[in-house]
Amino acid sequence: MTHGAYDGLIATPKKINDFVDGEDERASSKSRKGVRLWRKLKYQLIEYNSLPAYMRDNEFILGYYRADWPLKQIFLSIFSIHNETLNVWTHLIGFFLFLFLTIYTAMRAPMVVDFNSVQDLSEMIGKADLNMIRLDLLKCLASLPNMPEILKLNDLSESLYSLDFSSLSGWTLVELLTNCLPEQFSLNGLKGDMNMVSPLMQPITRWPFYAFLGGAMFCLLASSACHLLTCHSQRLSYIMLRIDYAGIAALIATSFYPPVYYSFMCNPFFCYLYLGFITLMGITTIVFSLLPFFQKSEFRKYRASLFFLMGFSGVAPIIHKLILHKHQPEALQTTGYEILMGVLYSLGALIYVTRIPERWMPGKFDIAGHSHQLFHILVVAGAYTHYHDGLIYLRWRDSQGC
Ligand SMILES: [Zn+2]
C-alpha cells in the first residue's frame, strides 16, 4: 500500500487549498492581533499636545483625552476614566434627579401644598355644624389606615374635642375631612355648607413650574451628551456644542417662568412683559450660539457674559415682586432662594471663565476637581435651589389665589 503510505504527502487540489487557507488563517489571525493592538493603541487616552485643533479648549488640562473615537468606544467610555467622565456623570445624575422631581411633583400635584396656617379652614369649619362634624370624624378616625400621621391620632382626637385645629397641618385636616366626609368634602366638587374649602383646594396652573423642570432636564441631558460625544469628530462636536449652549439658554429662560408667572399672575401686563422679554432673550442667545465664531475658545468670556447677562436680567422682576408684595412673607422667602441661586450660578460662571483650580496646577486636576466639574455641580445646586423656590410659589398661590 505504497500508494496509501505516501497518500498523505501527495498534494491534492483540496490539500493545497487547505494549506493556503491555513496560511490565510495564520496571516489573518496575525492581522487580527495587529488590528486589536492598533485599536488598543488608537483608543488610548492622549495628551493635550496631540489633540486635533477642534478639541483644544483648555490648555491647563494636560492629559486623559479621548480623540476621534468611534461612537461605540465613546458610549463604552461612559464607564471608564478619562477627563470627561465626571463632566458626563455630574449632569447625568442631575438629569435623573430632575426627572425624579418632575414625576414626584406630578404625582403629588396638589399635595405639595402644605398650609402653614389652617386658621382660614378653622374659621370655615366654624360656620358648619361642629358637633355633627366632630362626631362623624371621631367615628371615622379608626378606619383610616392611610393617614400619614396616624400615630398622632391622640392629638387629633384632642383637637377635635377642643375644636382647636391649629396644631394640625392643613393637609392632615383636609385629608381627614375628605376621607371621612366625602359627601361634604370632595376635591372635585364641594357641596353644601362646606364648599368654602373649594378655593383652597384648586391648584393654580402648573405649566410655568413644569416648563422650568423641562428646561433643567433638557440642559442637563444636552450637557451630559455633549461632554460624552464631542471627541468623536469635528462635525459632531460642532453640533453638540450648539445643543449644549441651547440647553443653558433654555435653563436660564425657563428659570424665570415660575417666579415671573406666580409673582405677576394678577398683573397680566407685567407677567407677559417679563415672560416675553426673557423668552426673546433666550431665543437670541440660541441664535447667537449658532454662529460659528461663538465656540472659539477666545470667546469663552463673551459666551459666559451673554449667559450671565441673561440671568442678571432677572433682577428687575425680583425687585418689582418685592415692591408689589412687600407684606407677603413668601415674597421675601422666594427672594432669599433666588439670591442663593444667583450666587451659585455666578460662582459657577466665574469658575468657568477663570478655569480655577487647574490654572494654578496644570495637569493635577485632569480627572477630578477641574473648573468645569465644579461649574456643573454649581449648576445642579442652583437649579435644585430654584425647584424649592418654585414650590414656595405654588404653596403661596394655591393657598391664596390671586
Ligand atoms: Zn459642561
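For the sequence shown, my numbering gives the first residue as 540, with consecutive numbering after it. Just so you know, even glycine gets a beta-carbon here, dropped at the ideal spot from N, CA and C.
Here the alpha carbons of L829 and G821 stand approximately 13 angstroms from one another. Between ligand 1 and H911, a heavy atom-to-CB distance of less than 7 angstroms is present.
Taking the CA atoms as reference points, V882 sits about 28 angstroms from I642.
For a cut-off of 8 angstroms, the C-beta gap from D928 to E877 is around 6 angstroms, short enough to register as a contact. Taking a 10 Å sphere around the C-beta of Q583, we find fewer than 16 other C-beta atoms and assign the residue as exposed. With a threshold of 7 angstroms, the Cβ atom of S762 counts as near ligand 1, since some heavy atom of the ligand is closer than that. Between I613 and L768 a beta carbon distance of about 6 angstroms is seen, short of the 8 angstroms cut, so the two are scored as contacting.
The residues F833, in chain order, have a CB closer than 7 angstroms to that of R842 in the same chain once the five nearest residues on each side in sequence are set aside. Taking C-alpha positions only, G602 is separated from M900 by approximately 13 angstroms. The residue from V854, K840, I743, L610 with its alpha-carbon nearest to that of C765 is L610.
Contact fails between the stretch 859-871 and the stretch 887-897, because fewer than three Cβ pairs, one in each stretch, are under 8 angstroms apart. In the three-state DSSP reduction, I585 falls in the strand class (E or B). Distances from the alpha-carbon of K835 to those of Y587, E586, A592 put A592 closest. The alpha-carbon of R605 is positioned some 37 angstroms away from that of T818. Proximity of the beta carbon of N626 to ligand 1 is indicated: a heavy atom of the ligand is located closer than 7 angstroms. Assignment of Y604 by DSSP, reduced to helix, strand and coil, places it in the strand class. Per the Cβ contact rule, the stretch 903-911 is not in contact with the stretch 747-756 (fewer than 3 Cβ pairs under 8 angstroms). Between the alpha carbons of Y811 and T744 lies a gap of roughly 15 angstroms.
With a 10 Å radius around the Cβ and a threshold of 16 neighbouring Cβ atoms, V918 comes out buried. Contact between S772 and D607 holds, since their C-beta atoms are separated by about 7 angstroms, short of 8 angstroms.
Excluding its 5 nearest sequence neighbours in each direction, L636 has C-beta neighbours in its own chain below 8 angstroms: V919, Y923, listed in chain order. Annotated three-state conformation of S802 is helix, per DSSP.
Excluding sequence positions up to five before and after Q912, its CB lies within less than 7 angstroms of the CB of L625, N626, T629, all in the same chain and listed in chain order. For K840, the enclosing alpha helix (DSSP H) has its first and last residue at 839-851.
Between L845 and F816, the CB-CB gap reaches or exceeds 8 angstroms. The alpha-carbon of F795 is positioned some 25 angstroms away from that of M779. Separation of M804 and C941 (C-alpha to C-alpha, rounded to the nearest whole angstrom) is 7 angstroms. In the DSSP assignment, S616 falls outside any alpha helix (DSSP H) and carries neither an H nor an E. The beta carbon of S802 sits closer than 6 angstroms to those of K860, all from its chain and outside the five residues before and after it, given in chain order. Taking the Cα positions, R894 is about 10 angstroms away from I600. Not one heavy atom of ligand 1 lies closer than 7 angstroms to the C-beta of H621.
Residues of the same chain with a CB within less than 8 angstroms of the CB of E586, apart from the 5 flanking positions on each side, are L601, G602, Y604 in chain order. Assignment of D928 by DSSP, reduced to helix, strand and coil, places it in the helix class.
Approximately 5 angstroms separates the beta-carbon atoms of I825 and A788; this is inside 8 angstroms, confirming the contact. Taken in chain order, the stretch 880-904 contains no complete alpha helix (DSSP H) segment of 4 residues or longer.
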